[in-house]
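Enquirer: Sharing a structure below in structure tokens format, with a few things to ask.
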Amino acid sequence: MSDLSIHSLKEKLEQISIKSLLLPLCGIIIFIMLWQVGASRVHTSLGVFPGPAVVYEQWGNLISEHQSERVKEQRFYERQEDRIAKRQAKDPDYVGKIRSYTGKPTFFDQIFTSLYTVLAGFGLACLIAIPLGILIGLNNAVYSALNPVIQVFKPVSPLAWLPLVTMVVSATYVSDDPIFSKSFLTSMFTVTLCCMWPTLINTAVGVAAVEKDLLNVSKVLRLGWFTHVMKIVIPSAIPLMFTGLRLSLGIAWMVLIAAEMLAQNPGLGKFVWDEFQNGSSNSLGRIMVAVLMIGFIGFLLDRAMLMVQRFVSWDKTQILR
Amino acid sequence: MATHLDISQVSIEFPTPKGAFKALDGVNLKINKGEFVSLIGHSGCGKSTVLNIVAGLYDATEGGVLLDGKEVKGPGPERAVVFQNHSLLPWLTSYQNVELAVKQVFKKTKSKKEMHDWIMHNLDLVHMTHAADKRPDEISGGMKQRVGIARALAMEPSVLLMDEPFGALDALTRAHLQDSLMEIQKDLNNTVIMITHDVDEAVLLSDRIIMMTNGPAATIGEILDVDLPRPRDRLALANDAKYVDYRAQVLTFLYEKQRKVEPINGNAKATSSSAAKVANA
Ligand SMILES: Nc1ncnc2c1ncn2[C@@H]1O[C@H](COP(=O)(O)OP(=O)(O)OP(=O)(O)O)[C@@H](O)[C@H]1O
Ligand SMILES: [Mg+2]
Chain F
1 MSDLSIHSLK EKLEQISIKS LLLPLCGIII FIMLWQVGAS RVHTSLGVFP GPAVVYEQWG
61 NLISEHQSER VKEQRFYERQ EDRIAKRQAK DPDYVGKIRS YTGKPTFFDQ IFTSLYTVLA
121 GFGLACLIAI PLGILIGLNN AVYSALNPVI QVFKPVSPLA WLPLVTMVVS ATYVSDDPIF
181 SKSFLTSMFT VTLCCMWPTL INTAVGVAAV EKDLLNVSKV LRLGWFTHVM KIVIPSAIPL
241 MFTGLRLSLG IAWMVLIAAE MLAQNPGLGK FVWDEFQNGS SNSLGRIMVA VLMIGFIGFL
301 LDRAMLMVQR FVSWDKTQIL R
Chain P
1 MATHLDISQV SIEFPTPKGA FKALDGVNLK INKGEFVSLI GHSGCGKSTV LNIVAGLYDA
61 TEGGVLLDGK EVKGPGPERA VVFQNHSLLP WLTSYQNVEL AVKQVFKKTK SKKEMHDWIM
121 HNLDLVHMTH AADKRPDEIS GGMKQRVGIA RALAMEPSVL LMDEPFGALD ALTRAHLQDS
181 LMEIQKDLNN TVIMITHDVD EAVLLSDRII MMTNGPAATI GEILDVDLPR PRDRLALAND
241 AKYVDYRAQV LTFLYEKQRK VEPINGNAKA TSSSAAKVAN A
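Residue numbers (full-length UniProt numbering), protein chains in the order written: chain F, 1 to 321; chain P, 1 to 281.
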């Protein structure tokens, strides 16, 4: 390689690293500085608003709490097993029953709960919204029939759905040995009801906007309904469909936190609410950790969706952001 | 020779907000098997509308189209269309685009292996086997148009309909594709209706040139029989007296008999005033 091209390569690398690393880093540093300065000036009844250092400390506390909780849990089970083993040594017919551990869920348990709830709610929303969106986009009559309903339900806030969903779930989901807890179902259905609309509408618009020439190709070939949908309609609707899916997932995550706070359902929302009720001097710092975590997870969810879109979309050169 | 395609008394009205718009009025045309016919006329006169009616994409308000004595109802692969802007599915490779058509037409009559061979054969006809696995956005405009032609040919249509197939291409690519098309036509002897804006293209390729009057209520103005021996060679023909004469006849029709006076927006005033000056002088 010549000197020149090595040089230009170096230049390019520098440009890339400036753009993709240095600038975001600058942004983060400036934010943290402003936060530090601003926070120290805000006084609340629970003390000074937490700055970055306090939040970092609370993050450490939350991790160690989680670890000690896990240790407790393990000990709890070991004790039970010990006891059962001893009884069995005396009386071989004895069948021991192991009770499950009912400690307080830690921050990380709550994250996990929120994550699978949001994914379940979003998944259900997709299962409803995508086929329905395709149907609406393909058929003007169905569109005209459903449009008013969609337009009315679309702007409904999760707070309005929550009581209804709660009542319906407790009335209809009665079983002695429930697979899902009621709180999970309530959160999940609320998420589904609130987040399905962008996917539904964008899918319908994408399907309705298939290029006329491609529709003519399909007609000339006399493609059957299924082939037509699979080969022509869905591929052309995919970009808009994913716009809708990403909006939906974003809404799902926001709605879930609000629903958990309001309904006291397990999850990050409940963590925030509990800390707020708790009102210790650490609370604000811990809530701030939760806020950052909520944001970070929301960001990761969106990135994950983007990756799925990259994988599914046929145009790999398309710039997605 | 028996009439293969019979367009008889076709008229069409489009509903518009300002009332019905009669685009075509009483179009009559009989086309024989293996004939290459081109439609020429000013923009907006209704060429695409004629083609779309034959394709079955539009329904004539009056009259109808008979193919081998049977009335045409709705679109179908026996009347394959090569669209102006290729209309390949952008998410499929060249091979898959042709495959979609072949699977649809021959799923009952050809085995998998036969279908594969048939797809490759048609891509080979348009010299596109080298790009079989490329998607439309990875090949040039001329190549896309070739794949579009291969897709249409692969349906083994009884009539091949082409709406300005080379309209969007540069002159060199266009000449190249015209030559390819003549070669394919020599081998397969398809019945072809082609729309064109290009007088040279019309004379070079056609057995007959159908010249359409300006719309609204457009119809067939004149029909020119092109009696030039095949194979035709563009260079040799350039100075051929007959060729030059045919060319002149088409040009006369387009630019004298059916002169299109359409003010261009904004310049409308200037044009009319300068026209007035000319009239005064
Ligand atoms: N679906 C439609 N609805 C209303 N009017 C139409 C429709 N399709 C075509 N027209 C009108 O019919 C006339 C003929 O249109 P057409 O597309 O057949 O012209 P064309 O000769 O193919 O023109 P070009 O050479 O520019 O493609 C035009 O005036 C056009 O505005
Ligand atoms: Mg046209």
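Backbone N, C-alpha and C fix where the C-beta goes; we use that ideal spot for every residue, glycine too.
In the DSSP output, what is P:LEU160 paired with across the bridge?
Expert: Here the question's residue 160 of chain P lines up with position 160 in the second sequence. Beta-bridge pairing links P:LEU160 to P:ALA80 and P:VAL192.
Enquirer: Could you give the DSSP three-state label for P:VAL72: helix, strand or coil?
Expert: The count along the second sequence starts at 1 and reaches residue 72 of chain P at position 72. Three-state DSSP puts P:VAL72 in coil, outside helix and strand.
Enquirer: Does P:GLN104 come within less than 9 angstroms of chain F when only Cβ atoms are used?
Expert: In the second sequence, counting from the first residue as 1, residue 104 of chain P sits at position 104. P:GLN104 counts as touching chain F.
Enquirer: Closest by CA to F:THR172, which one among F:LEU159, F:THR186, F:TRP161 and F:ALA160?
Expert: Position 172 of the first sequence, counted from the start, is the residue given in the question as residue 172 of chain F. Nearest option by C-alpha distance: F:THR186.
Enquirer: In its own chain, which residues sit with a C-beta less than 7 angstroms from the C-beta of F:LYS182, not counting the 5 before and 5 after it?
Expert: Residue 182 of chain F sits at position 182 when you count from the first residue of the first sequence. The answer, listed in chain order, is VAL169, SER170 and TYR173.
Enquirer: Run through the region 219 to 297 of chain F for me and flag every whole alpha helix (DSSP H) of 4 or more residues, listed as ranges in chain order.
Expert: Here the runs fully enclosed are 234 to 263 and 268 to 278.
Enquirer: Give me the chain F residues within the contact set of P:ASN85, using Cβ-Cβ distance strictly less than 9 angstroms, ordered along the chain.
Expert: Walking along the second sequence from the start, residue 85 of chain P turns up at place 85. The answer, in chain order, is ASP213.
Enquirer: In or out: F:ILE257 buried (at least 16 other Cβ within 10 Å) or exposed?
Expert: The residue labelled residue 257 of chain F in the question sits at position 257 within the first sequence. Buried: at least 16 other Cβ atoms inside 10 Å.
Enquirer: Closer than 9 angstroms, CB to CB, is P:LEU92 near chain F or not?
Expert: By one-based count along the second sequence, residue 92 of chain P stands at place 92. Yes, P:LEU92 lies at the interface with chain F (some Cβ there is under 9 angstroms from its Cβ).
Enquirer: For a contact meaning CB atoms closer than 7 angstroms, what does P:VAL192 contact in chain F?
Expert: Counting from one through the second sequence, the residue named residue 192 of chain P turns up at place 192. Correct list: empty, because the minimum Cβ distance to chain F is about 16 angstroms.
Enquirer: May I ask which residues mark the beginning and end of the alpha helix (DSSP H) holding P:VAL226?
Expert: Walking along the second sequence from the start, residue 226 of chain P turns up at place 226. Where P:VAL226 is concerned, there is no enclosing alpha helix (DSSP H), given that its DSSP letter is neither H nor E.
Enquirer: CB of P:GLU164 to nearest heavy atom of ligand 3: below 8 angstroms?
Expert: Summarising the ligand content, the structure contains ligand 1 and ligand 2 and does not contain ligand 3.
Enquirer: Does at least one heavy atom of ligand 2 sit under 8 angstroms from the Cβ of P:GLN145?
Expert: If you number the second sequence from 1, residue 145 of chain P lands on position 145. No, the Cβ of P:GLN145 stays beyond 8 angstroms of every heavy atom of ligand 2.
Enquirer: Within 10 angstroms of the Cβ of F:MET261, are there 16 or more other Cβ atoms? Answer buried if so, exposed if not.
Expert: Start at 1 with the first residue of the first sequence, and residue 261 of chain F comes out as number 261. By the 10 Å Cβ count, F:MET261 comes out buried.
Enquirer: Leaving aside the five residues before and after P:ASP137 along the sequence, list all residues of the same chain whose C-beta is less than 8 angstroms from its C-beta, in chain order.
Expert: Your numbering for residue 137 of chain P matches position 137 in the second sequence. If we look at P:ASP137 and ignore the five residues flanking it on each side, its Cβ neighbours are PRO90.
Enquirer: Should P:PHE253 go down as buried or exposed, given a rule of 16 or more other Cβ atoms within 10 Å for buried?
Expert: Residue 253 of chain P sits at position 253 when you count from the first residue of the second sequence. With 16 or more Cβ atoms within 10 Å of its Cβ, P:PHE253 is classed as buried.
Enquirer: I want to verify the contact list: residues of chain F whose CB lies under 8 angstroms from the CB of P:ALA101, in sequence order.
Expert: For the purposes of this step, residue 101 of chain P is taken as the residue at position 101 of the second sequence. LEU221, listed in chain order.
Enquirer: Looking at the unbroken beta strand (DSSP E) that takes in P:GLN9, where does it start and where does it end?
Expert: Working through the second sequence from its first residue, we reach residue 9 of chain P at position 9. Unbroken beta strand (DSSP E) run through P:GLN9: 3 to 16.
Enquirer: Let's test the definition: count the other Cβ atoms within 10 Å of the Cβ of F:ALA145 and tell me whether it reaches 16, buried, or not, exposed.
Expert: Residue numbering aside, residue 145 of chain F sits at position 145 when the first sequence is read from its first letter. That one is exposed.
Enquirer: Between which two residues does the alpha helix (DSSP H) harbouring P:GLU256 extend?
Expert: Residue numbering aside, residue 256 of chain P sits at position 256 when the second sequence is read from its first letter. Neither: P:GLU256 is in no alpha helix (DSSP H) and is coded neither H nor E.
Enquirer: Report the three-state DSSP secondary structure of P:ASN28 (helix, strand or coil).
Expert: On the second sequence, residue 28 of chain P is found 28 positions in, with the first residue counted as 1. Residue state, collapsed to three classes: strand.
Enquirer: Cβ of P:THR49 within 8 angstroms of any heavy atom in ligand 1?
Expert: Along the second sequence, read from residue 1 onward, the residue named residue 49 of chain P stands at position 49. Yes.
Enquirer: So with Cβ pairs under 9 angstroms, would you call F:ASN216 a contact of chain P?
Expert: Position 216 of the first sequence holds residue 216 of chain F. Yes, because at least one Cβ of chain P sits closer than 9 angstroms to the Cβ of F:ASN216.
Enquirer: Check for me: the beta strand (DSSP E) holding F:GLU31 runs from which residue to which?
Expert: In the first sequence, counting from the first residue as 1, residue 31 of chain F sits at position 31. In the sequence on display, residue 31 of chain F carries Phe and not Glu. Run containing F:PHE31: none in the beta strand (DSSP E); it sits in the alpha helix (DSSP H), 23 to 39.
Enquirer: Given that a residue counts as buried once 16 or more other Cβ atoms are within 10 Å of its Cβ, and exposed if not, what is P:ASN280?
Expert: Along the second sequence, one-based indexing puts residue 280 of chain P at 280. Confidence at P:ASN280 is low in this model, with a pLDDT of 45, below 50, so its placement is unreliable and the value that follows should be read with caution. So P:ASN280 ends up on the exposed side.
Enquirer: Are there 16 or more other CB atoms within 10 angstroms of the CB of P:ALA276, so buried, or fewer, so exposed?
Expert: Stepping through the second sequence from its first residue, residue 276 of chain P is reached at position 276. At P:ALA276, the pLDDT of 42 sits below 50, so the modelled position is not reliable; the number obtained from the coordinates is stated separately. Exposed: under 16 other Cβ atoms inside 10 Å.
Enquirer: So the candidates are F:GLU73, F:VAL207, F:ALA263 and F:LEU284; which of them puts its Cα closest to the Cα of F:PRO105?
Expert: Here residue 105 of chain F refers to the residue found at position 105 of the first sequence. F:PRO105 has its Cα closest to that of F:GLU73, out of F:GLU73, F:VAL207, F:ALA263 and F:LEU284.
Enquirer: Using three-state DSSP, classify residue 347 of chain F as helix, strand or coil.
Expert: With chain F covering 1 to 321 only, the question about residue 347 of chain F has no answer from this structure.
Enquirer: Starting from P:VAL65, follow the beta strand (DSSP E) in both directions and report where the run begins and ends.
Expert: The count along the second sequence starts at 1 and reaches residue 65 of chain P at position 65. Note, P:VAL65: beta strand (DSSP E), 62 to 67.
Enquirer: Between P:THR173 and P:GLY26, which are expected to be in contact by the criterion C-beta below 8 angstroms, what is the C-beta distance as a whole number of angstroms?
Expert: In the second sequence, the residue the question calls residue 173 of chain P occupies position 173. In the second sequence, the residue the question calls residue 26 of chain P occupies position 26. Not a contact, Cβ separation roughly 37 angstroms.
Enquirer: Any heavy atom of ligand 1 closer than 8 angstroms to the CB of P:CYS45?
Expert: Taking the second sequence and counting its residues from 1, the one referred to as residue 45 of chain P is at position 45. Result yes, Cβ under 8 angstroms from ligand 1.
Enquirer: Please list the terminal residues of the continuous beta strand (DSSP E) segment that includes P:MET211.
Expert: Along the second sequence, read from residue 1 onward, the residue named residue 211 of chain P stands at position 211. 208 to 212 is the span of the beta strand (DSSP E), which, as asked, contains P:MET211.
Enquirer: Contact between the region 232 to 252 of chain F and the region 106 to 126 of chain F is defined here as three or more beta-carbon pairs at a separation below 8 angstroms; is this criterion met?
Expert: With the cut-off at 8 angstroms, the region 232 to 252 of chain F and the region 106 to 126 of chain F touch.
Enquirer: May I have the straight-line CA-CA distance separating F:VAL48 from F:CYS195, to the nearest angstrom?
Expert: Here the question's residue 48 of chain F lines up with position 48 in the first sequence. Here the question's residue 195 of chain F lines up with position 195 in the first sequence. Cα to Cα, F:VAL48 sits roughly 36 angstroms from F:CYS195.
Enquirer: Once DSSP output is grouped into helix, strand and coil, what is the label at F:LYS10?
Expert: The residue given as residue 10 of chain F occupies position 10 in the first sequence. Residue state, collapsed to three classes: helix.
Enquirer: Any heavy atom of ligand 1 inside 8 angstroms of the beta-carbon of P:HIS42?
Expert: Walking along the second sequence from the start, residue 42 of chain P turns up at place 42. The answer is yes for P:HIS42.
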